[in-house]
Amino acid sequence: MSEETKALESMIGEEYKYGFTTDVEYEDFPKGLNEEIIKELSQRKEEPEWMLEFRLKSYRAWKEMEEPEWFNATYKKPDFENLLYYSAPKKRPTLDSLDEVDPNIRETYEKLGIPLEEQKMLAGVAVDAVFDSVSIFTSFKEKLAEAGVIFCSMSEAIKEHPELVKKYIGSVVPARDNFYAALNSAVFSDGSFCYIPKNTKCPMELSTYFRINNMESGQFERTLIVAEEGASVSYLEGCTAPMYDENQLHAAVVELVALDRADIKYSTIQNWYSGDEEGKGGIYNFVTKRGICKGAHSKISWTQLETGSAVTLKYPSVILQGDHSIGEFYSVAVTTKKQQADTGTKMIHLGKNTRSTIISKGISAGESNNSYRGEVKIGKKATGSKNYSVCDSMLIGQTCGAHTFPYISSENASSSVEHEATTSRVGEEQIFYLMQRGISEQDAISMIINGFVKDVLKELPLEFAVEANKLLDIKLEGSVG
Amino acid sequence: MLEIKNLHAVVEGEELEILKGVNLTVNKGEIHAIMGPNGSGKSTLSKVVSGHPEYEVTEGSILFEGEDITEMDADERAHLGLFLAFQYPVEVPGITNKTLLREAYNTIARANEREELDPLEFEDYLVSKLDVIEMKDEFLNRSINTGFSGGEKKKNEIFQMAVLNPRLSFLDETDSGLDIDALKIVSDGVNKIANQDNAIVMITHYQRLLNYIKPDFVHVMMNGKIVKSGDISLAEELEANGYDQMQKELA
Ligand SMILES: Nc1ncnc2c1ncn2[C@@H]1O[C@H](COP(=O)(O)OP(=O)(O)OP(=O)(O)O)[C@@H](O)[C@H]1O
Ligand SMILES: [Mg+2]
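Top line first, the protein sequences correspond to chains D and C. Using numbering that gives the first Met the number 0, you'd call the opening residue of the first sequence number 0 and step up by one each time. Using numbering that gives the first Met the number 0, you'd call the opening residue of the second sequence number 0 and step up by one each time.
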């Protein structure tokens with residue numbers, strides 16, 4: 000391996016900074032998975048009967064399903080009987096008062112760069128902090144309430160806004176959708192709920208920060224965002240976990256509903272622990288994310304920066320049901336060491352004149368494997384619809400892999416689908432060229448990677464673009480054209 | 000300014016020598032031309048001098064302004080004022096010419112404790128250099144060499160030279176691929192850049208270029224060595240008789 004490649008690898012495979020653990024006293028909860036456990040879980044969360052029914056039905060569906068194997072990744076399957084499905088710190092705030100949060104947990108968020116005190120936060124960003132199975136704290140609730148926006152933990156939403164949750168939960172991702180969605184529907188612990196009323200532009204960025212701390216627990220969070228007619232919201236999720244030698248399972252479900260003219264922008268900065276050099280440990284990130292553009296002229300946009308996890312299987316999708324609706328998917332997936340990522344999107348065009356754009360950038364280094372899988376489906380009634388896909392891969396070194404699996408089907412002749420794909424290797428010649436012009440090796444590498452991903456990162460909300468860049472260790476300075 | 004002494008070089012990790020004892024001295028204010036058959040080591044020489052990591056110097060040394068730069072990284076050599084116009088300019092998608100040049104210009108300025116230019120000042124400076132080779136300003140905002148035609152790439156190299164204003168430039172077959180008009184424009188540009196304080200080493204296969212940019216010295220490189228040096232009449236001799244004849248005479 001040349002010096003350049005080494006530098007490049009060390010830069011991308013930079014040591015994981017969030018691998019510490021927090022000393023927390025947890026509530027006792029039995030391990031394993033059966034109907035009794037689910038009842039216990041539901042009871043602990045003081046849920047209404049309908050919620051328990053939803054869980055039990057999902058559990059029964061899950062029991063009938065097979066764990067999927069069709070993706071381009073190999074790993075040791077999780078032992079579902081040996082997982083902990085509920086992991087809640089003993090000490091929890093009852094009134095959303097920060098004083099009641101376990102100081103160790105507060106310190107954890109502090110260390111992660113997400114101080115929970117409102118005055119310390121980024122102005123204009125409300126945060127829901129989820130620690131293992133429960134939401135610890137949600138900030139700026141009152142301020143949001145003034146605008147009629149509901150932003151709270153899913154547990155709270157089930158109690159306080161049952162009619163909304165009941166109406167929409169499982170409406171985009173039904174429990175039977177897939178193996179992990181069914182499991183999540185049975186045992187989901189917490190997550191965020193956002194509701195933006197009619198003709199309201201959410202006054203702040205909403206964000207949820209997920210932290211897995213407990214080694215034995217799985218994390219199954221559930222997020223639901225509903226934007227009523229003419230509403231708009233930008234939401235961001237961030238995630239980290241400690242370094243353990245054992246793999247941990249994270250199987251989330253995210254559902255987005257956009258009614259007429261509503262606009263939802265969902266961004267993810269995923270930085271779960273990815274395992275060590277030998278591929279030991281790390282998170283299994285098996286997530287179902289789907290949005291439905293229910294109303295005419297609505298828009299859903301997914302932007303993701305995926306850098307972590309040992310194995311990622313994730314396909315944020317949009318169902319374009321409303322006429323003139325728009326779906327977007329912007330993704331940067333970086334894999335190093337022995338990471339495996341199989342990620343992409345689905346754009347299902349049902350309404351007339353619907354549009355979708357897919358821009359996917361994969362960067363693979365080390366012995367990692369990075370696959371893009373994208374499905375574009377144009378239904379019979381989707382006249383005048385258009386899709387445009389670009390899918391670029393960049394390889395660093397000789398031992399990694401990049402794969403592209405486009406699935407395109409169109410039942411409507413008046414619609415068009417355009418797909419472009421490229422694969423390039425970060426050339427030592429490119430690095431030499433820039434260095435010959437006086438630019439240092441590190442800067443040359445940053446510039447090349449930054450140039451590769453900038454079309455995607457510019458889609459992130461400004462507040463988070465900085466974090467994203469830090470994460471990629473890319474110096475934007477001086478290279479913004 | 001540049002003193003190359005008994006330079007031997009191999010491809011990193013391999014045995015076979017490509018440069019087999021090159022000697023070359025370039026003083027400021029001079030223009031040199033290196034000619035030689037395909038595969039004789041001309042490009043390799045220019046890359047070894049500018050610090051390409053693919054090659055390893057096994058013997059000899061390179062002095063620049065009296066300083067031994069044989070082991071220096073490529074970027075540090077560039078900071079000293081060394082420039083290479085590539086025979087095959089590299090495409091770097093996603094980074095615009097302007098971004099590259101601003102970053103390069105300011106990095107070099109910083110290294111030499113000169114004042115950096117802010118984006119607006121730099122813009123003016125950059126635009127002022129477009130005229131040197133009649134470059135269209137749309138090239139500034141395009142990704143480096145990406146999708147450029149062969150001739151446009153070569154022009155772009157000289158444009159970069161004009162902007163960075165190096166002390167010593169290696170121009171590796173800059174004339175190859177330029178049309179008749181472009182050759183004249185680019186040559187005029189190089190002549191404008193050349194002055195009493197800098198120096199130029201041109202690598203070329205054609206005497207035609209030397210009619211536009213008059214060299215003070217012409218060297219012939221064969222099989223990893225400079226085998227003959229002289230003035231422009233050497234190029235004329237080559238044009239008339241070819242390398243084969245010269246090889247025989249030398250033997
Ligand atoms: N990285 C490399 N690996 C293997 N061989 C190399 C490498 N670089 C140069 N060579 C060999 O060294 C010799 C000199 O190459 P070089 O490119 O310097 O020739 P040149 O004189 O510039 O030729 P031309 O006039 O065709 O441009 C050639 O035989 C070439 O194949
Ligand atoms: Mg050559």
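Beta carbons: idealized from backbone N, C-alpha and C, even for Gly.
Annotation: the continuous beta strand (DSSP E) that includes Y406 of chain D extends over G400 to S409.
Against chain D, the beta carbon of L83 of chain C has neighbours under 8 Å at Q435, listed in chain order. In this structure, G150 of chain C places its C-beta atom within 8 Å of the C-beta atom of G176 of chain C. Taking C-beta atoms as the reference points, I282 of chain D and S324 of chain D fail to come closer than 8 Å. Taking a Cβ-Cβ cut-off of 7 Å, the neighbours of Q429 of chain D in chain C comprise V89 and V91, given in sequence order. The beta carbon of V389 of chain D sits closer than 6 Å to those of I358 and E419, all from its chain and outside the five residues before and after it, given in chain order.
Annotated three-state conformation of S186 of chain C is helix, per DSSP. If one requires a minimum length of 3 residues, the beta strand (DSSP E) runs lying completely within the region 299 to 352 of chain D are 310 to 313, 316 to 319, 325 to 334 and 339 to 348, in chain order.
Assigned with DSSP and collapsed to three states, F19 of chain D falls in coil, not helix or strand.
Per DSSP, the continuous beta strand (DSSP E) segment holding P92 of chain C begins and ends at V91 to T95. In terms of Cα proximity to A161 of chain C, the closest of C:E115, C:V21 and C:A103 is C:A103. The C-alpha of E427 of chain D lies about 43 Å from the C-alpha of A180 of chain D. One alpha carbon belongs to N449 of chain D, the other to L116 of chain C, and they sit about 22 Å apart. Within the region 55 to 70 of chain C, contact with chain D at the beta-carbon level (separation under 7 Å) is assigned to no residue. For S45 of chain C, no CB of chain D lies under 8 Å from its own CB, so it is not counted at the interface with that chain. The set of residues whose C-beta lies within less than 7 Å of a heavy atom of ligand 2 reads, in chain order, C:K41, C:S42, C:Q86, C:D171, C:E172 and C:I202.
For G59 of chain C, the enclosing beta strand (DSSP E) begins and ends at Y54 to F63. Residue environment for P88 of chain D: buried (at least 16 other C-beta atoms within 10 angstroms of its C-beta). In the structure shown, the three-state DSSP call for M434 of chain D is helix. Annotated three-state conformation of S445 of chain D is helix, per DSSP.
Between E228 of chain D and T382 of chain D, the alpha-carbon positions lie close to 24 Å from each other. Counting only residues of its own chain and dropping the five nearest sequence neighbours on each side, D259 of chain D has a CB closer than 6 Å to the CB of E228, G294 and A295.
Residue burial is scored here from C-beta neighbours: K30 of chain D has fewer than 16 other C-beta atoms within 10 angstroms and is therefore classed as exposed. Scanning the region 125 to 204 of chain C from its first residue to its last, the whole alpha helix (DSSP H) runs of 4-plus residues come out as 149 to 163 and 179 to 192. With contacts defined by Cβ atoms closer than 8 Å, G28 of chain C and L6 of chain C do not form a contacting pair.
Each of D:T403, D:V416, D:S413 and D:N368 was checked against the Cα of T73 of chain D, and the nearest Cα belongs to D:N368. The beta-carbon separation of R175 of chain D and A60 of chain D, rounded to 5 Å, stays under the 8 Å limit for a contact. Counting only the Cα atoms, F219 of chain D lies some 15 Å from N246 of chain D. Selection D:G237, D:I291 and D:V286 evaluated against Q269 of chain D yields D:G237 as nearest (Cα-Cα).
For a cut-off of 8 Å, the C-beta gap from F82 of chain C to P165 of chain C is around 3 Å, short enough to register as a contact. In the DSSP assignment, V186 of chain D falls within the alpha helix (DSSP H) that extends over F178 to V186. Listed in chain order, the non-local C-beta contacts of G93 of chain C below 7 Å within the same chain comprise S142, local neighbours out to five positions each way being set aside. Under the Cβ criterion of 8 Å, K453 of chain D is counted among the residues facing chain C.
At least one heavy atom of ligand 1 sits closer than 7 Å to the Cβ of V10 of chain C.
In terms of side-chain proximity, the C-beta atom of S39 of chain C is found nearer than 7 Å to a non-hydrogen atom of ligand 1.
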